[in-house]
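Have a look at the structure below before the remarks.
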Amino acid sequence: MHALRVAQAFDGTAFLGPATVVVEGDTIVGVEPGHPELPDGTCRATYDGTVLPGLIDCHVHLVATSVVGSLEEAGELDDEALDERIRASLAAEVASGVTAVRDLGDRRYRTLEARALPGLPRVVAAGPPVTTPDGHCHFLGGGAAGVAGLRRAVAEHAEHGVDVVKLMASGGMLTPGSDSFGVQFADDELRAVVEAAHEAGLQVLAHAHSLAGIRHAVAARVDGIEHFTGITAEGLQLPDDLLEEVAAAAIQVCPTVGTDPERVPPIDKLSPGLRATFERLGFDFSTFTATRIGHLTRMRAHGLRLVSGTDAGISPPKAHGNVAFAVLDLVTAGYAIAEALATATSGAAASCGLADRTGSLRAGLAADLLVVDGDLAADPSALHRPVSVWVRGDQTV
Numbered sequence: 010m011h012a013l014r015v016a017q018a019f020d021g022t023a024f025l026g027p028a029t030v031v032v033e034g035d036t037i038v039g040v041e042p043g044h045p046e047l048p049d050g051t052c053r054a055t056y057d058g059t060v061l062p063g064l065i066d067c068h069v070h071l072v073a074t075s076v077v078g079s080l081e082e083a084g085e086l087d088d089e090a091l092d093e094r095i096r097a098s099l100a101a102e103v104a105s106g107v108t109a110v111r112d113l114g115d116r117r118y119r120t121l122e123a124r125a126l127p128g129l130p131r132v133v134a135a136g137p138p139v140t141t142p143d144g145h146c147h148f149l150g151g152g153a154a155g156v157a158g159l160r161r162a163v164a165e166h167a168e169h170g171v172d173v174v175k176l177m178a179s180g181g182m183l184t185p186g187s188d189s190f191g192v193q194f195a196d197d198e199l200r201a202v203v204e205a206a207h208e209a210g211l212q213v214l215a216h217a218h219s220l221a222g223i224r225h226a227v228a229a230r231v232d233g234i235e236h237f238t239g240i241t242a243e244g245l246q247l248p249d250d251l252l253e254e255v256a257a258a259a260i261q262v263c264p265t266v267g268t269d270p271e272r273v274p275p276i277d278k279l280s281p282g283l284r285a286t287f288e289r290l291g292f293d294f295s296t297f298t299a300t301r302i303g304h305l306t307r308m309r310a311h312g313l314r315l316v317s318g319t320d321a322g323i324s325p326p327k328a329h330g331n332v333a334f335a336v337l338d339l340v341t342a343g344y345a346i347a348e349a350l351a352t353a354t355s356g357a358a359a360s361c362g363l364a365d366r367t368g369s370l371r372a373g374l375a376a377d378l379l380v381v382d383g384d385l386a387a388d389p390s391a392l393h394r395p396v397s398v399w400v401r402g403d404q405t406v
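Under this note's numbering, think of the first position of the sequence shown as 10, with each following residue one higher.
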């Protein structure tokens, strides 16, 4: 039996103050206030910082290496090379305190083979994203067309045992020729994907950068929207009526904010599609980020349900293990630190279908734990300072 005595604890919802987390095998067996006496033979570790559930990144691409072009390159790799990338990505995640990820775009369903590798984060997997034959991320192999074709695509995903369906409702900035300002599917096609997935017991998460794509996805009643950027020819727009509709429909939003500012390249080193979008909008990276932070503030005011995800792997500022940046962007936008942390712990676990296994400090759940150097309640930046990480009861860092 192990016991972690800490100066501060966050249980996935609230701060508890000084506490002791008791672990037996791979399971939390107690979360006690203060530092009580423990049975003889208990292995004790004392920390001046904060213990919290291991972080969850709700939007990653494990087949990509955070190098420009690496996601596109994944479409050409064999299974051995893909598996090597997936393991390396998961190792980088766990080193930063991430103990679970939701992968929203792989090649040949390879992430499904990595859902419970020893010492590495658990994986919720979507397989190849469903897209148009020449649409965003078509190189990952999820292209389909027409109502019947899209229903077959969903059936194939279900047969492979995916945990969720990823749908490209708009084009994307990484795929030349796709329209990140518009939509990819007709109304009946989008509805067909949602209906087929729900019939199979699967949620649908829609990639939507454009305002038109967001409205399209909302009308189809998807379960969640990724990015939620609001791109239009006139700039980034998220009208109040849209925010009210999304909140009323209880559609979850993963805004995929969170970039490492020290790794943002000059605009001429961005991927061609991203550079073209910025130039068309008249934005640089800092303007884009500031606008999105303002949108986060408005999402909170309208009561949208957010989870944290980073789009890890797609570019240098989106390295694996960077979900702390997404959490801290929410704090910058006005979220209380406990609210922001919940989007990457208990709220993220609920979104990923993992709430009965992880995401909270609670007896009976997996011992997926992160200890950071500092009191997170007073110093949110401590999230960038992991000192100990436990994955299903094994101390990996």
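We treat Cβ as the ideally placed atom computed from N, Cα and C, and that holds for glycine.
| Who are the near neighbours of TYR344 in its chain, counting only those whose CB is closer than 7 Å to its CB and skipping five residues on each side? | Closer than 7 Å at Cβ, skipping near neighbours: ARG309.
To the nearest angstrom, how far is it from the Cα of GLY368 to the Cα of ASP377? Using only the alpha carbons, I get a separation of about 8 Å.
| said: Comparing C-alpha positions only, which one of GLY402, ALA386, VAL380 sits nearest to ARG394? | reply: Here the closest residue by C-alpha is VAL380.
query = Is the CB-CB distance between VAL110 and VAL132 below 7 Å?
reply = It is a contact, given that the beta carbons lie within the stated cut-off.
Per DSSP, which residues does ARG131 bridge with? Please list them. ALA109, per the DSSP bridge assignment.
### Query
What are the boundary residues of the beta strand (DSSP E) that includes HIS218?
Per DSSP, HIS218 is one residue of the beta strand (DSSP E) stretching across 213-219.
**Request:** Following the continuous alpha helix (DSSP H) through ALA101, name the residue where it begins and the one where it ends.
**Result:** Looking at the DSSP string, the run of the alpha helix (DSSP H) that includes ALA101 is 88-104.
Considering only their Cβ atoms, is the gap separating ILE65 from ALA353 smaller than 7 Å? Yes. Within cutoff.
> Applying the criterion that 16 or more other CB atoms from any shown protein chain within 10 Å of the CB defines a buried residue, is PRO389 buried or exposed?
Replying inline: Classification for PRO389: buried.
Contacts around HIS147, its chain only, beta-carbon distance under 6 Å, and the 5 residues preceding and following it disregarded:
Here the set comprises THR140.
### Query
If we call anything under 7 Å between Cβ atoms a contact, is GLU208 one with LEU159?
One thing to note: GLU208 has its Cβ no nearer than 7 Å to the Cβ of LEU159.
Item to check | Whole runs of the beta strand (DSSP E) within the stretch 274-333, excluding any shorter than 3 residues | outcome: As far as the stretch 274-333 is concerned, it has no whole beta strand (DSSP E) run of at least 3 residues.
*Does DSSP put PRO389 in a helix, in a strand, or in coil?*
The answer is helix: DSSP assigns PRO389 an H, G or I state.
Do SER187 and HIS236 have their C-beta atoms closer together than 7 Å?
Not a contact, by the Cβ cut-off of 7 Å.
message = For HIS337 and PRO62, which I take to be in contact (beta-carbon distance under 8 Å), what is that distance rounded to the nearest angstrom?
response = In the sequence on display, residue 337 carries Leu and not His. 17 Å between Cβ atoms; not a contact.
Am I right that ASP112 and ALA134 are in contact with their C-beta atoms under 8 Å? What's the rounded C-beta distance? About 5 Å; that satisfies the 8 Å criterion.
Count the other CB atoms within 10 Å of the CB of SER295; is the residue buried (16 or more) or exposed (fewer)?
-> By the neighbour-count rule (16 or more Cβ atoms within 10 Å), SER295 is not buried but exposed.
Quiz item: Going along the chain, which residues of its own chain have a beta-carbon closer than 6 Å to the beta-carbon of ARG14, five neighbours each way excluded?
Solution: The residues are THR29, HIS44, THR55.
Q.
So, for GLY180: in the same chain, excluding its five sequence neighbours on each side, which residues have a beta-carbon less than 7 Å away from its beta-carbon?
A. Excluding five sequence positions before and after GLY180, the CB atoms of its chain that fall closer than 7 Å to its own CB belong to GLY144, HIS145, SER187, ASP188, SER189, GLY191, GLN193, given in chain order.
For this session: Return the Cβ separation of GLY58 and ALA391 in integer angstroms, given the expectation that the two are a contact with Cβ distance under 8 Å.
Result: Contact holds; Cβ gap of about 7 Å.
Check your understanding: Can you check whether the CB of ILE234 is closer than 7 Å to the CB of ALA205?
Key -> Not a contact, by the Cβ cut-off of 7 Å.
Item to complete: Provide the residue span of the beta strand (DSSP E) that contains ILE65, from first to last.
Response: Going by DSSP, ILE65 is part of the beta strand (DSSP E) stretching over 64-69.
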